[in-house]
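Protein chains in written order, with our numbering: chain A, 141 to 502; chain B, 141 to 502.
Think of the CB as a built atom: it goes at the ideal place given N, C-alpha and C, for glycine as much as any other residue.
Comments concern the structure below.
Right, dumping it as structure tokens:
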């Protein structure tokens, strides 16, 4: 019985994961979209392999350390979302390509393209480059159609680098939790991509791949009229943020944290044994730092490293020793804090899952 | 040369650590205060052992998993700051006591005291309880002098539980970064403790130990007229938050993260390869998520998991490939993300340090 585990413990409900994986695979397939799930959420070859078995044409990772973990598990087709900059990164990519990695690498600078050309020179294997474009998040990504055309042309003319197309992550889309605004931002991004593709085509730079990141756009597939591929990550587990963004329901949340009430210093305040070291400090979402499983109107008011605080103007019903499940705000950052999770099915512990790609920041 | 390491890499400057450890040991000793450093910052037996060698009468941990790691390294005198609630926690504490742990356990409820009594019954070894009092942070901690007296009396009458005194952590003190306000809050806390001790003494509940937590109060020792013990943690490494709280200078910051500029999508924006997976998302401090080493006027404007963004109204001087060192906002949460750190001395890598107590949330 998972309810008897020591606390805090990280629980992943297999039945819900299977439902989430199947649902996304079916939806993408129904619209003829390629699926490259971002594995940063689960950081586990087990789920990555299931994603591929369900039809994903490859996976996505951020860092080369993650790519290595997934390659060790036999997954060769990987999108690498983070720029390859620096000699040590080139050396690492060369080593992974020698071991069979078939990478598609995001670039947003000539320096990033040059790095891939050098990898080709050392391996003899052409490397696919996909141009990261900024659709409004203002993080990485080439800004403006003219600059995109210039870089795409640079890629096309670079020996040993294959021009794959364009990729984006609209992280700004989910910064609002008003559904109409989310849909509006997705439509704006779609329009931007549509215009960009026309400009690229005018320059005979037709993008074979037009890749859209994020679980939130992937929940509104009918709005994506330009994309050829989606790269959702969080959908495997979901969290309070994807629910707040209308990309999932609470029933789709596979990840939860089993906690214990350890203190009740006042009738209207209880303290749980899960803080930012367990849940991460990402947030707030809906005014809190994690939702109570089954009672998501309740949110953790604040976290310190080991403590999660529930507060209310009213007397709280919980007592010291009670156990409470929390749905984290952010599944990806929660998973990254823990070496393993418990896989549960119904009321039983079905197994444990090591987080093999945890902490792979390089 | 540490400057040639792959990025991001976590660097700990041994010379600065030694200076910080020696400085706190000397300051505590000069005032006749016992020192029980909180090891949650470094999570490493190496530094804990040095803290003890420099005169600390014991160490502090939050969770029993951390206590076990430190006990494995031969450190027996430990304050356990988190309530022991639940059968599995009692079992674990029994096992650690059997292995030689000499714990001082924080309690803020009769349930917590009862747990210690049961540990005594199973081990035959009396357990020291110290009452956590709420001096204004409103997290754990007994609220109000009457309730403190009641719980202290409960402890005194409990067979096998030794009444040690009182303990506090004024986490609210550093929520302001105005020095006068910080000192004002420390004085308020000191006055609260002074009044509380008088009340306890009136009830013949003289606290042998009056323990003050945090690196910030420990930087203003002249204000602590009541405490018999301090439990600073962050001072070993320091961070942008302890500097903002006047508890350290930038020269006292032993922890930094070596990063690479991987993208410059606009003249006034560069992206580093260190985000919340490397630095944690704790903050903001002084409006940012990490300070540039040697140029702390520059702060990271925002983080996502792998990206740290530097923005400015002006053109930024950095180019793709440049290396930048970042002082994290919060040393403890940064360290908890990484399995190891590089120990550096001058421009050399002196060794690596595994973060043995990393992720010990149970």
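- Cβ-Cβ distances below 6 angstroms link residue 462 of chain A to 401 in the same chain, with the five nearest sequence neighbours on each side left out; the list follows chain order.
- Look at residue 502 of chain A: its C-beta is under 8 angstroms from a C-beta on chain B.
- Going by DSSP, residue 238 of chain B is part of the alpha helix (DSSP H) stretching over 227-238.
- Closer than 8 angstroms at the C-beta level to chain B, one finds these residues of the region 399-427 of chain A: 400, 401, 402, 403, 404, 405, 406, 409, 411, 413, 414, 416, 417, 418, 420, 421 and 422.
- Closest option to residue 347 of chain A, judged by alpha-carbon separation, among A:367, A:360 and A:200: A:367.
- DSSP places residue 334 of chain B within a helical segment (H, G or I) once states are collapsed to three.
- In summary, the residues of the region 472-484 of chain A whose CB is separated from some CB of chain B by less than 8 angstroms are 472, 473, 476, 477, 478 and 479, in the order they occur in the chain.
- One finds nothing in chain A with a Cβ atom closer than 9 angstroms to the Cβ of residue 254 of chain B; even the nearest lies about 10 angstroms away.
- Cα atoms of residue 191 of chain A and residue 382 of chain B: separation of roughly 44 angstroms, rounded to the nearest angstrom.
- Annotation for residue 360 of chain B: 323 and 326 place their beta carbon closer than 7 angstroms to its own, counting only its chain and skipping 5 residues before and after.
- In terms of CA proximity to residue 453 of chain A, A:406 leads the group A:406, A:356 and A:345.
- Residue ranges of uninterrupted beta strand (DSSP E) with 3 or more members, entirely inside the region 380-432 of chain B and ordered along the chain, are 395-406 and 409-412.
- Beta bridge pairing from DSSP links residue 218 of chain B with B:199 and B:243.
- Here residue 351 of chain A carries a strand assignment [DSSP, helix/strand/coil].
- The beta carbons of residue 466 of chain A and residue 430 of chain A sit about 4 angstroms from each other, so the pair counts as a contact at 8 angstroms.
- Closest by C-alpha distance to residue 385 of chain A, out of A:425, A:164, A:500 and A:397, is A:425.
- About 7 angstroms separates the CB atoms of residue 154 of chain B and residue 484 of chain B; that is less than 8 angstroms, so the two are in contact.
- Under a criterion of Cβ atoms nearer than 7 angstroms, the residues of chain A adjacent to residue 447 of chain B are, in order, 279 and 280.
- Looking at the DSSP output, residue 370 of chain B shares a beta bridge with B:175 and B:352.
- Our two residues, residue 298 of chain B and residue 443 of chain B, have alpha carbons roughly 50 angstroms apart in a direct line.
- In terms of Cβ geometry, residue 207 of chain B and residue 175 of chain B do not form a close pair [threshold 8 angstroms].
- Note on the region 284-347 of chain B: whole alpha helix (DSSP H) runs with a minimum of 4 residues are 285-297 and 319-342, in chain order.
- For the region 200-231 of chain B, residues whose beta-carbon sits nearer than 7 angstroms to a beta-carbon of chain A comprise 202, 203, 222, 223, 225, 226 and 228.
- Sorting B:195, B:409, B:500 and B:198 by C-alpha distance to the C-alpha of residue 278 of chain A places B:409 at the top.
- In this structure, A:156 is the residue among A:156, A:446 and A:144 with its C-alpha nearest to the C-alpha of residue 379 of chain A.
- Contacts between residue 460 of chain A and chain B, judged by CB atoms closer than 7 angstroms, involve 225, 249 and 251 in chain order.
- Judged by DSSP in its simplified three-state form, residue 485 of chain A adopts strand.
- Closer than 8 angstroms to the CB of residue 180 of chain B there is at least one CB belonging to chain A.
- Ranked by Cα distance from residue 305 of chain B, the options B:184, B:281, B:269 and B:318 are led by B:269.
- For residue 274 of chain A, the closest Cβ of chain B is nearer than 8 angstroms.
- Here the region 241-260 of chain A lies against the region 207-217 of chain A, with 3 or more beta-carbon pairs under 8 angstroms apart.
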